[in-house]
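Undergrad: Numbering of the sequence shown is given in my numbering, commencing with residue 11 and proceeding in unit increments.
For each residue, glycine too, the CB sits at the ideal point set by N, CA and C.
Can you read through this structure? Questions will come right after.
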Amino acid sequence: MDLLKSIEESKLSLNLFLENRFDLAEKKLAKFVDCSIYHSLGNGLLLMIRALMSFERADIEKAIEAIDKGLSMIQQFRGKQYRTIELIFRMNGYNNNLCDYTEEQLHAELCYAELIMIRAILCLLSDETLTGKIGGLLRIRSCFSIYSGLYRFLKENEDNRNNSLLWQEFEAGVCFGFGLFNLLLASIPAKLAIFLQLAGLNGDKGAIILFLRARYRLLNGGHIDESVQLYWRSIRSQSEYKQFHHICHWELAITNIFLLHWTRAAWHANKLYEETIYAYLLAVCIEADKSGDTSKNNEAVRILMSKVPENRIRIAGKSIPMEKFCEKRALRRLQMNNNKKDSEETQKLFLPQFELIYLCSGFGLLNNFCCPWIVRPLLEFIDKEWEEFNRGATQSNNCVKAEQLLWLFLRAICLGKLGEFHEAFGIFQEVIRSFSESPALRYGQYEYLFPCAHLELALILDEINPSELRKVVLLEKALAYKGYGLETRTRLRIHSALNKLEEGRKYANS
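Quick look at the structure:
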């Protein structure tokens, strides 16, 4: 197939994919996947996205198989081919004879590099063994070697460049790939960066180091003021990667919610880019702020909540679970006030900001014993909110009971952070007992509390008595519970807790 036509058909398939016409996109690519480098690349990319969205072993293996076949096919179109070990450790690139390459060979090099990168991502995510991680890192190094060689070739031939469509596509692909590597190197976790540096990859870690220092100071004793300054230094240290600013603003928003500084929390939430989750966060922060004009705040909350369902997106035909959760809460908030008269008081969700923070693992920022001066006011605020809600409750008994369970759950979380484990233990038991006695609650809006209460109870038991065997039984019960919202996120936390307990058991027996 003609190379330019191959590129155009691949673009068309990608557009079909973005329009949620997945089967048609895959069929178009599959026709020429054995003879066209861009069809092979596009097919590998779509299968990788599907694998990352489902995390099913079958999808991952299918993607890996297709990518390996694509790499073998593209090899036939490449120019001089280096052995893998030679390519990995060739620090000066391999662009000695790129000037002699045809356009088809140059595009084959580009597609080969992109497919290696996709293969490396799947390898790092699916294979948790040490050899798997090393293999993924070596593929990244190999990919970087190709990209750096192609980028140098572009720079050295700027004066001789032509304006053909094939050359423009090649130039855009090289610049995108090389820029992507610089972005990854600037935001790679510190532990992984060590391995990349051993492979010869280095990047500016200034913003990352400042962010990690801010997180460390927040976790290690709750040094809020210092951590806030470090977050701001991280934001100001670079302006090129705005996405990294969002991470800092997210943590600053959570920090200010813990401090009950609603105006500041809303300001940081407004800086965030995502139009569903963060719009919901902004709305609940505005609603919690009682210092401003109540009528204006209520109207702002109504507008923001109405935007949440409109902005929910789908990737590979699937909704993002957290966006789906925020949509449900936003619709409930709107329905509660659909028929409200002007003289009636606006009904609000119960502690939605702390519910969202818990589901996003935000309470992990408050280490046990380290932040009593933060947690005690938080606990008082939660108790006060429950008293006000209970006095003005107009919903059915089941709804009020559900809100009460959320209050008890959040209260137990705070007590655990204060080191009052026995009281927290009793409250979590009460939550579990209430769900067991009233099965209807398991299918309500707080259905996730049942498995989460088992998880938190197991973690509390581990604090009280590390040798206690019941905690494993509790975690297994939590895993057995299925069909609730945000199930995948909760199950990941449960598996993480099981792994932690297993590591502790091995350490105790060693």
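Give every residue of the same chain whose Cβ lies closer than 8 Å to the Cβ of residue 72, excluding the five residues on either side of it in the sequence, and list them in chain order.
TA: For this step, residue 72 is matched to residue 62 along the sequence shown. Correct list, in chain order: 57 and 61.
Undergrad: Looking at C-alpha atoms only, which residue of 63, 151 and 454 is the closest neighbour of residue 335?
TA: In the sequence shown, counting from the first residue as 1, residue 335 sits at position 325. Comparing C-alpha distances from residue 335 to each of 63, 151 and 454 shows the shortest one belongs to 454.
Undergrad: In this structure, does DSSP put residue 540 in helix, strand or coil?
TA: Residue 540 is absent from the structure shown; the chain starts at 11 and stops at 520.
Undergrad: Output the distance between the C-alpha atoms of residue 264 and residue 76, rounded to the nearest integer angstrom.
TA: Reading the sequence shown from its first residue, position 254 is the one you call residue 264. Reading the sequence shown from its first residue, position 66 is the one you call residue 76. In a straight line, the C-alpha of residue 264 is about 42 Å away from that of residue 76.
Undergrad: Give a yes or no on whether the C-beta atoms belonging to residue 369 and residue 499 are separated by under 9 Å.
TA: Your numbering for residue 369 matches position 359 in the sequence shown. Your numbering for residue 499 matches position 489 in the sequence shown. Contact flag set, yes.
Undergrad: Using only CA atoms, which one of 108, 298 and 16 lies nearest to residue 43?
TA: Here residue 43 refers to the residue found at position 33 of the sequence shown. Looking at the Cα atoms, 16 is the closest of the given residues.
Undergrad: If you draw a straight line from the alpha carbon of residue 151 to that of residue 508, how long is it in whole angstroms?
TA: Start at 1 with the first residue of the sequence shown, and residue 151 comes out as number 141. Start at 1 with the first residue of the sequence shown, and residue 508 comes out as number 498. Whole-angstrom Cα-Cα distance: 34 Å.
Undergrad: If you compare alpha carbons, which of 126, 163 and 53 is closest to residue 107?
TA: Numbered from its first residue, the sequence shown carries residue 107 at position 97. Of the listed residues, the one whose Cα sits closest to residue 107 is 163.
Undergrad: Let me confirm a value: residue 258 is counted as buried when at least 16 other C-beta atoms fall within 10 Å, else exposed. Which label applies?
TA: Mapped onto the sequence shown, residue 258 falls at position 248. Buried, since its Cβ has 16 or more Cβ neighbours within 10 Å.
Undergrad: Residue ranges of each alpha helix (DSSP H) run of no fewer than 4 residues wholly in the region 444 to 509, ordered along the chain?
TA: 459 to 474 and 480 to 490
Undergrad: Starting from residue 235 and walking both ways along the alpha helix (DSSP H), at which residues does that stretch end?
TA: Counting from one through the sequence shown, the residue named residue 235 turns up at place 225. Taken as a continuous stretch (DSSP letters only), the alpha helix (DSSP H) holding residue 235 covers 234 to 246.
Undergrad: From the DSSP output, in three-state form, read off residue 325 for me.
TA: Mapped onto the sequence shown, residue 325 falls at position 315. Strand, per DSSP.
Undergrad: So is residue 85 buried or exposed if we call it buried at 16+ other beta carbons inside 10 Å?
TA: By 1-based counting over the sequence shown, the position of residue 85 is 75. Exposed, because fewer than 16 other Cβ atoms sit within 10 Å of the Cβ of residue 85.
Undergrad: Answer yes if the region 451 to 465 comes into contact with the region 290 to 304, meaning at least three C-beta pairs across the two stretches below 8 Å, and no otherwise.
TA: no
Undergrad: Can you give me the Cβ contacts of residue 54 inside the same chain, cut-off strictly under 6 Å, excluding the 5 residues immediately before and after it?
TA: Your numbering for residue 54 matches position 44 in the sequence shown. The beta carbon of residue 54 is closer than 6 Å to those of 76, 77, 80, 125 and 128 in its chain, skipping five residues each way along the sequence.
Undergrad: Closest to residue 521 by CA distance: which of 430, 497 and 494 is it?
TA: Missing from the structure shown is residue 521; the chain here goes from 11 to 520 and no further.
Undergrad: Going by C-alpha to C-alpha distance, which of 69, 67, 65 and 114 sits closest to residue 88?
TA: Position 78 of the sequence shown, counting from 1, holds the residue named residue 88. Out of 69, 67, 65 and 114, 114 has the C-alpha closest to the C-alpha of residue 88.
Undergrad: Can you give me the start and stop residues for the alpha helix (DSSP H) that residue 117 sits inside?
TA: Numbered from 1 along the sequence shown, position 107 holds the residue referred to as residue 117. Here the alpha helix (DSSP H) through residue 117 covers 113 to 136.
Undergrad: By a C-beta neighbour count over all protein chains shown, 10 Å radius and 16 as the cutoff for buried, is residue 483 buried or exposed?
TA: As a working mapping, residue 483 is identified with position 473 in the sequence shown. Here residue 483 is exposed, its C-beta having fewer than 16 other C-beta atoms within 10 Å.
Undergrad: Can you check the region 36 to 74 for any alpha helix (DSSP H) of at least 4 residues that lies completely inside it and give the ranges in chain order?
TA: With a minimum length of 4 residues, the continuous alpha helix (DSSP H) runs that stay inside the region 36 to 74 are 47 to 64.
Undergrad: Exposed or buried, which one is residue 153 when buried takes at least 16 other CB atoms within 10 Å?
TA: Counted from its first residue, the sequence shown places residue 153 at position 143. Burial call: buried.
Undergrad: Spatial neighbours of residue 441 within its chain, please: CB distance less than 7 Å, with the 5 preceding and 5 following residues excluded, ordered by chain position.
TA: Taking the first residue of the sequence shown as position 1, residue 441 is located at position 431. The residues are 415, 418, 419, 459 and 463.
Undergrad: Cutting at 7 Å between CB atoms, please list the residues of its own chain near residue 99, excluding the five before and the five after it.
TA: By one-based count along the sequence shown, residue 99 stands at place 89. For residue 99, the pLDDT reaches just 48, beneath the cut-off of 50, and the residue's location in the model is therefore unreliable, leaving the point undetermined.
Undergrad: Could you check the C-alpha separation between residue 234 and residue 278 for me, to the nearest Å?
TA: Taking the first residue of the sequence shown as 1, we reach residue 234 at position 224. Taking the first residue of the sequence shown as 1, we reach residue 278 at position 268. In a straight line, the C-alpha of residue 234 is about 16 Å away from that of residue 278.
Undergrad: Does DSSP put residue 139 in a helix, a strand or coil?
TA: One-based indexing of the sequence shown puts residue 139 at position 129. Residue state, collapsed to three classes: coil.
Undergrad: Tell me whether residue 381 is buried or exposed, calling it buried when 16 or more other Cβ atoms sit within 10 Å of its Cβ.
TA: Locating residue 381 in the sequence shown gives position 371, counting from the first residue. Under this definition residue 381 is a buried residue.
Undergrad: For residue 469, I'd like the list of residues in its chain whose CB is within less than 8 Å of its CB, leaving aside the five on either flank, ordered along the chain.
TA: Counting from one through the sequence shown, the residue named residue 469 turns up at place 459. Around residue 469: 426, 481 and 507.
Undergrad: Cβ of residue 322 within 9 Å of Cβ of residue 316?
TA: On the sequence shown, position 312 is the one that residue 322 refers to. On the sequence shown, position 306 is the one that residue 316 refers to. No, they are not a contact pair.
Undergrad: How is residue 86 classed by DSSP in three states: helix, strand or coil?
TA: For the purposes of this step, residue 86 is identified with residue 76 of the sequence shown, where counting begins at 1. Three-state result, residue 86: coil.
Undergrad: Identify whether residue 249 lies in helix, strand or coil by the three-state DSSP scheme.
TA: As a first step, residue 249 is located in the sequence shown; it is residue number 239 there, counting from the start. Here residue 249 sits in coil by DSSP.
Undergrad: What did DSSP end up calling residue 105 once you bin it into helix, strand or coil?
TA: Position 95 of the sequence shown, counted from the start, is the residue given in the question as residue 105. For residue 105, the predicted structure reports a pLDDT of 47, less than 50, and the residue's modelled location is therefore unreliable. A value from the coordinates is still provided. Residue 105 falls in the helix class under three-state DSSP.
Undergrad: Leaving out five residues before and five after residue 41 in sequence, what residues of the same chain have Cβ atoms less than 8 Å from its Cβ?
TA: For the purposes of this step, residue 41 is taken as the residue at position 31 of the sequence shown. So the list reads 49, once near-sequence residues are dropped.
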